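There are 2 protein chains.
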Amino acid sequence: MELDWLLAPPLPESMPRQRVLYHRLREAILSGRLAPGTPLPASRRLAVSLKIARNTVLFAYEQLIAEGCLVADRQGTRVAQFVAQPIAPSSNRDMPTALLRLSNRAAAAMQPEPAREAAARPFAPGTPDYGAFPFRSWRACLERAWRDAGWRQLGYAGHGGDSALREALAGHLTTARGLSVDAGQIVITSGTQAALDLCARLLCDHGDTVWAENPGYLAARVAFSLAGLRVHDVPVDGEGLAPSEDDWNRHPPRLIMITPSHQYPTGRVMSLPRRLALIERARQSSAWIIEDDYDSEFRRTGPAPPALFGLLPDSPVVYVGTFSKTLYPGLRLGYLVLPHAIAADFARATTQAMRFGQGIEQRALADFIQRGHYTTHLRRMRARYAARQVALRAALKDAFGPSVELSGGEAGLHLVMWLPESIGDTEVAKCAAEMGLGVRALGSYTRAPMTCNGLVLGYGNLAEGMLAEAVRRLAVAVRSPASHRREV
Amino acid sequence: MELDWLLAPPLPESMPRQRVLYHRLREAILSGRLAPGTPLPASRRLAVSLKIARNTVLFAYEQLIAEGCLVADRQGTRVAQFVAQPIAPSSNRDMPTALLRLSNRAAAAMQPEPAREAAARPFAPGTPDYGAFPFRSWRACLERAWRDAGWRQLGYAGHGGDSALREALAGHLTTARGLSVDAGQIVITSGTQAALDLCARLLCDHGDTVWAENPGYLAARVAFSLAGLRVHDVPVDGEGLAPSEDDWNRHPPRLIMITPSHQYPTGRVMSLPRRLALIERARQSSAWIIEDDYDSEFRRTGPAPPALFGLLPDSPVVYVGTFSKTLYPGLRLGYLVLPHAIAADFARATTQAMRFGQGIEQRALADFIQRGHYTTHLRRMRARYAARQVALRAALKDAFGPSVELSGGEAGLHLVMWLPESIGDTEVAKCAAEMGLGVRALGSYTRAPMTCNGLVLGYGNLAEGMLAEAVRRLAVAVRSPASHRREV
């Protein structure tokens, strides 16, 4: 039998001979070129005829025998009888349409979103000042963590995450946030999105209702939808989440997601009466409150408003925090603080649900907090962001007049500039994007029937030298004819 | 009004005066000690009477006004009327029972599991040799990644993950695994668990059926259950997954999870006829196959069996790989390889579903692969693990006789030692655990009606010096009267 074609050129580069032989034999068998039952030459003979080592042939034969493509017995080696009608590998059938679409629930994760580059542009919300990151002290902590790395750091994380980090974080939250918590209440996660997903899946079942702030944090809605929850939008007013009796009665929640310290994106602070009433009502309704305390580290003045967590004993509140803004988003470390009553179960379920790790980074972060670097960094950034906000407010008043309506900025990295009805926020954002700005329309965080018209202006990455030019471009976008709505 | 108690000792350490004042005022208001409507002294007068700076009082008042606890007008500052019936913060009411249990689906993540320490013990499955990790070259890659770090590495990851890593990985998979893939087909994830979760949620809707191998990988079942899928167990025989007509007709799958190169945990290799038939039937049934190619990097001899992915064109196969065993689990980097037809949509949905990052580590890994360190490391570890397996096989035959039945070991880091019916695998594992071994019972991976009786023996972390003693203890456990089942 003529088998020279088995190693005929062109031979794929960087593939060993034995693999080429194996691949071509297999393809010939699958395509029917070598029919079932065809006897193959003995390995020695084929090796001579192909001018290769006998071992090369043996390897290929052995592999194909293991796979059931060839059979070998006393009569020799031959093509197996396994496929009555050989499947032609070149038959270019398409996949059934049903396979080519993602699941229905995946639609929640397919919302239009700005290009990735937008996150690096002036006014992009949620982007910290990467240049101010304390690379040197952080990397020194990483160095130390690597030096001491053992299986605990290199393997999967234990229940709730690295114990040193949980201890350090409990101390930090007590001192800096006035939360009275211990390490056993903390579960380290790979960021806020993972924390919300855990709450959605470990506290709720499919079809349960979650309340989301309207306008609100878009990524939370994605997490909840993908977890199979029914997302019910509840409007936000000047005092924070404002549920109606109708909301409580007709859409009873199992989960209530809020950003009380600095509502995202409006920047409003939830009033204490509203907080107390919400806790009370949630408890009566057996609903869990998720308090996303994002950006609370960057308070402008005075103490932060008290967290809901710990405001009243035995409150059904889960506190969510992240290091994405205080350090950098790519670190992917955040955390949950849970009431004692469910903390241990939650941590245990998390271990199996998430298979977490990042032990080196967790240990480095514990070190970073314990050495005081974290507090120092927060203090520096607090001053820096506050100065940026003051400068931005002044520049906006210069550009748009003293009566321009600004909200937010008690904490965090962004302001909201409200727009008159005659100017469309979506249109401004589009126009601004064309000029290289990362500003986002308030409307993009809002769902009907609620309406909001304004711009979310991040200043975290707005270096002093860029401010004037960024505001100048923003003014051009706002005043562009394309941004003016037709008379309503 | 007498307000000296506001700053009476004991004062909490390390809390600024203004915060103490604020906290005590707030507690007094919430507890009703200061009734709604009570007028407070002017800030100057209170400052004098408490012997503190006026600003301290002003900060506290301002904060409480912002929270709605106090109101200020021309008449002065007084306690707000917000709570008709003040809630006593000390009322130690318990949370409703409905709040104190995790969701029904969380039960899937509450399976009993070995203590974390077991992962570091001899025979623990899935634990690589941490001591052999190339710390120096890996850390040099991390150093370089840190040196060049910009917003792309420090921020959230773009669609599909770091582009350099996807390129490097595509090249590696082509050369080392014979997969013909490009970077656009790759989605980097934070490990296998995240990859399975993505497949479950982006390819399936709630209530869809997934087939799991029986016995099989326990963590996959957790991921599928938490994603709301119905897990249907399909038995595994000597040729791999062995679905019956009944399985196809009465439990039609949307997803089929398999480990064809080295079935987990039995170590059997799926035959080529079985592979071809499965692809064909899956295509007809509009089912996706997840090919978890774990540990395929550690082949003992010859080329790896061909992956299902790419075996036939337009196959509904998603390929899953991980760096958990080839580098270290805590790194939390794995990947999916998808057919072109859905790769872009899948990557885009992943970005919103997961909020991934670890850009520094991804860039370092790209560098590590490009410089050839990864291939070198794999070659070293392949030889090392192969030697360990040979030594383990010999030691087991010495200890249990030449007829001891071993399976697996074509790839990966573990062998299965089958036990006679008279010895219970669960009992042996329990007894072995008491002697400090990490061996697991095959039965713990198995669900009724399937029965398996054997031990899963990991040798990844079984250093040469430990082998003899580990096998000696194992023999004691196997021969212990406690491991003998009563006559059946």
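For the protein sequence lines, the chains are A and B, in the order given. When we follow my numbering, the leftmost residue of the first sequence carries the number 1, and every step to the right adds one. When we follow my numbering, the leftmost residue of the second sequence carries the number 1, and every step to the right adds one. Where a beta carbon is used, it is the ideal one built from N, C-alpha and C, also for glycine. Every value quoted in this text rests on a predicted model; they were computed, and no experiment measured them.
When you compare only the Cα positions, how much space is there between residue i and residue j?
{"i": "A:PRO420", "j": "A:SER225", "result": "33 Å"}
{"i": "A:ASP162", "j": "A:MET450", "result": "42 Å"}
{"i": "B:PRO86", "j": "B:PRO36", "result": "Confidence in B:PRO86 is poor, its pLDDT being 44 and thus under 50, which makes the residue's placement too unreliable to answer from."}
{"i": "A:GLY238", "j": "A:ARG479", "result": "28 Å"}
{"i": "A:PRO89", "j": "B:SER315", "result": "Bear in mind that the predicted position of A:PRO89 carries a pLDDT of just 45, short of 50, making it unreliable; the figure below should be weighed with that in mind. Answer to the nearest angstrom: the Cα atoms are 10 Å apart."}
{"i": "B:LEU437", "j": "A:LEU365", "result": "32 Å"}
{"i": "B:ARG473", "j": "B:CYS204", "result": "46 Å"}
{"i": "A:ALA106", "j": "A:LEU3", "result": "50 Å"}
{"i": "A:LEU169", "j": "B:TYR130", "result": "28 Å"}
{"i": "A:ASP148", "j": "B:LEU196", "result": "32 Å"}
{"i": "B:ALA200", "j": "B:ARG221", "result": "11 Å"}
{"i": "B:ARG177", "j": "A:LEU64", "result": "16 Å"}
{"i": "A:ARG363", "j": "A:ALA145", "result": "6 Å"}
{"i": "B:GLY357", "j": "A:PHE309", "result": "28 Å"}
{"i": "A:ALA28", "j": "A:TYR22", "result": "10 Å"}
{"i": "A:ARG250", "j": "A:ASP233", "result": "13 Å"}
{"i": "B:ASP94", "j": "B:LEU100", "result": "10 Å"}
{"i": "B:ALA124", "j": "B:LEU331", "result": "19 Å"}
{"i": "B:LEU70", "j": "B:ALA349", "result": "47 Å"}
{"i": "B:PRO215", "j": "B:ILE279", "result": "21 Å"}
{"i": "B:GLU490", "j": "B:ALA242", "result": "A query on residue 490 of chain B cannot be resolved here, the shown segment of chain B reaching from 1 to 488 and no further."}
{"i": "A:LEU30", "j": "A:TRP5", "result": "16 Å"}
{"i": "B:ILE258", "j": "A:THR189", "result": "28 Å"}
{"i": "B:ALA42", "j": "B:VAL20", "result": "18 Å"}
{"i": "B:ALA84", "j": "B:ALA72", "result": "Note that B:ALA84 has pLDDT 41, beneath the 50 cutoff, so the model's placement of it is unreliable and the number below is only indicative. If I take the Cα positions, the gap works out to 19 Å."}
{"i": "A:ASP458", "j": "A:SER324", "result": "Here residue 458 of chain A turns out to be Gly, not Asp, going by the sequence shown. The alpha-carbon atoms of A:GLY458 and A:SER324 are separated by roughly 15 Å."}
{"i": "B:GLY55", "j": "B:TYR61", "result": "The displayed chain sequence assigns Asn, not Gly, to residue 55 of chain B. For B:ASN55 and B:TYR61, the distance between alpha carbons rounds to 10 Å."}
{"i": "B:SER91", "j": "B:PRO10", "result": "Reliability of the predicted coordinates at B:SER91 is poor, the pLDDT of 44 falling under 50, and no value is obtained from them."}
{"i": "A:TRP418", "j": "A:HIS172", "result": "36 Å"}
{"i": "B:ILE290", "j": "B:GLY240", "result": "14 Å"}
{"i": "B:GLN111", "j": "A:GLN185", "result": "21 Å"}
Nearest by alpha-carbon distance to residue i: which of the options is it?
{"i": "A:TRP248", "options": "A:VAL48, A:MET270, A:PRO215, A:ALA287", "result": "A:ALA287"}
{"i": "A:GLN263", "options": "A:LEU278, A:GLN284, A:SER296", "result": "A:SER296"}
{"i": "A:LYS51", "options": "A:ALA80, A:THR77, A:GLN18", "result": "A:GLN18"}
{"i": "A:ALA468", "options": "A:ARG393, A:ARG250, A:ALA349", "result": "A:ARG393"}
{"i": "A:TRP45", "options": "A:LEU64, A:THR77, A:GLY68, A:VAL20", "result": "One point to set straight first is that residue 45 of chain A is Arg, not Trp, in the sequence displayed. Out of A:LEU64, A:THR77, A:GLY68, A:VAL20, A:THR77 has the C-alpha closest to the C-alpha of A:ARG45."}
{"i": "B:ALA347", "options": "A:LEU99, A:ALA109, A:LEU6, A:ALA42", "result": "A:ALA109"}
{"i": "A:HIS351", "options": "A:THR38, A:ALA194, A:CYS69", "result": "Note that residue 351 of chain A is Thr in the sequence shown here, rather than His. Ranking the options by Cα distance to A:THR351, first place goes to A:ALA194."}
{"i": "A:ARG74", "options": "A:LEU40, A:ALA119, A:GLY267, A:ILE258", "result": "A:LEU40"}
{"i": "A:MET381", "options": "A:ASP398, A:SER407, A:SER31, A:ASN461", "result": "A:ASN461"}
{"i": "A:LEU25", "options": "A:ALA53, A:LEU378, A:GLU67", "result": "A:GLU67"}
{"i": "A:SER103", "options": "B:HIS159, B:ALA132, B:LEU198, B:GLY191", "result": "B:LEU198"}
{"i": "A:ALA293", "options": "A:ALA307, A:GLU117, A:ARG281", "result": "Looking at the sequence itself, residue 293 of chain A is Asp, so the reference to Ala does not match. Comparing Cα-Cα distances from A:ASP293 to each of A:ALA307, A:GLU117, A:ARG281, the minimum goes to A:ALA307."}
{"i": "A:THR490", "options": "A:ALA98, A:ARG33, A:PRO128, A:VAL48", "result": "What the structure shows of chain A is the stretch from 1 to 488, and residue 490 of chain A is not part of that stretch, so it cannot be assessed."}
{"i": "A:HIS484", "options": "A:ARG440, A:CYS431, A:ALA470, A:THR446", "result": "A:CYS431"}
{"i": "A:VAL269", "options": "A:GLN111, A:GLY412, A:PRO96", "result": "A:GLY412"}
Check whether the Cβ of residue i sits closer than 6 Å to any heavy atom of the ligand FMN, and report yes or no.
{"i": "B:GLY155", "result": "You won't find the ligand FMN in this model; it holds no ligand whatsoever."}
Looking at C-beta atoms only, is the number of pairs between the segment 136-149 of chain B and the segment 333-345 of chain B that lie closer than 8 Å three or more?
The way I'd put it, the segment 136-149 of chain B doesn't touch the segment 333-345 of chain B; fewer than three beta-carbon pairs between them come closer than 8 Å.
Should the segment 226-233 of chain A be called in touch with the segment 174-193 of chain A, which here means at least 3 C-beta pairs below 8 Å?
Not touching, per the Cβ criterion.
Between the segment 276-294 of chain A and the segment 253-267 of chain A, do three or more beta carbon pairs fall short of 8 Å?
yes
Which full runs of the beta strand (DSSP E) of 3+ residues lie inside the segment 318-402 of chain A, going along the chain?
334-337
Could you run through the segment 98-110 of chain B and flag, in chain order, every residue whose CB is less than 7 Å away from some CB of chain A?
ALA98, LEU99, LEU100, LEU102, SER103, ASN104, ARG105, ALA106, ALA109, MET110
I'd like to know if the segment 152-160 of chain A and the segment 459-466 of chain A are in contact, where contact means that at least 3 CB-CB pairs between them fall below 8 Å.
no
Runs of beta strand (DSSP E) lying entirely within the segment 132-201 of chain B, each at least 3 residues, in chain order
186-189
Quick check on the DSSP output: what are the complete alpha helix (DSSP H) runs of length 4 or more inside the segment 417-448 of chain A, in order along the chain?
425-434
Contact residues within the segment 190-203 of chain B, judged by C-beta distance below 7 Å to chain A:
Residues SER190, GLY191, GLN193, ARG201, LEU202, LEU203.
Kindly provide the ranges of any alpha helix (DSSP H) runs that are 4 or more residues long and lie completely inside the segment 208-250 of chain B, ordered along the chain.
218-226, 245-250
Residue ranges of each alpha helix (DSSP H) run of no fewer than 4 residues wholly in the segment 2-37 of chain A, ordered along the chain?
For the segment 2-37 of chain A, whole alpha helix (DSSP H) runs of length 4 or above, ordered along the chain, are 17-31.
Under 9 Å (Cβ pairs) to chain B, residues found in the segment 228-244 of chain A:
Of all residues in the segment 228-244 of chain A, GLY228, GLU239 have a Cβ within less than 9 Å of some Cβ in chain B.
Give the residues from the segment 357-378 of chain A that approach chain B closer than 7 Å (Cβ to any Cβ), ordered along the chain.
GLY357, GLN358, GLY359, ILE360
Compile a chain-ordered list of the residues in the segment 258-273 of chain A whose CB is closer than 8 Å to at least one CB of chain B.
VAL269, SER271, LEU272, PRO273
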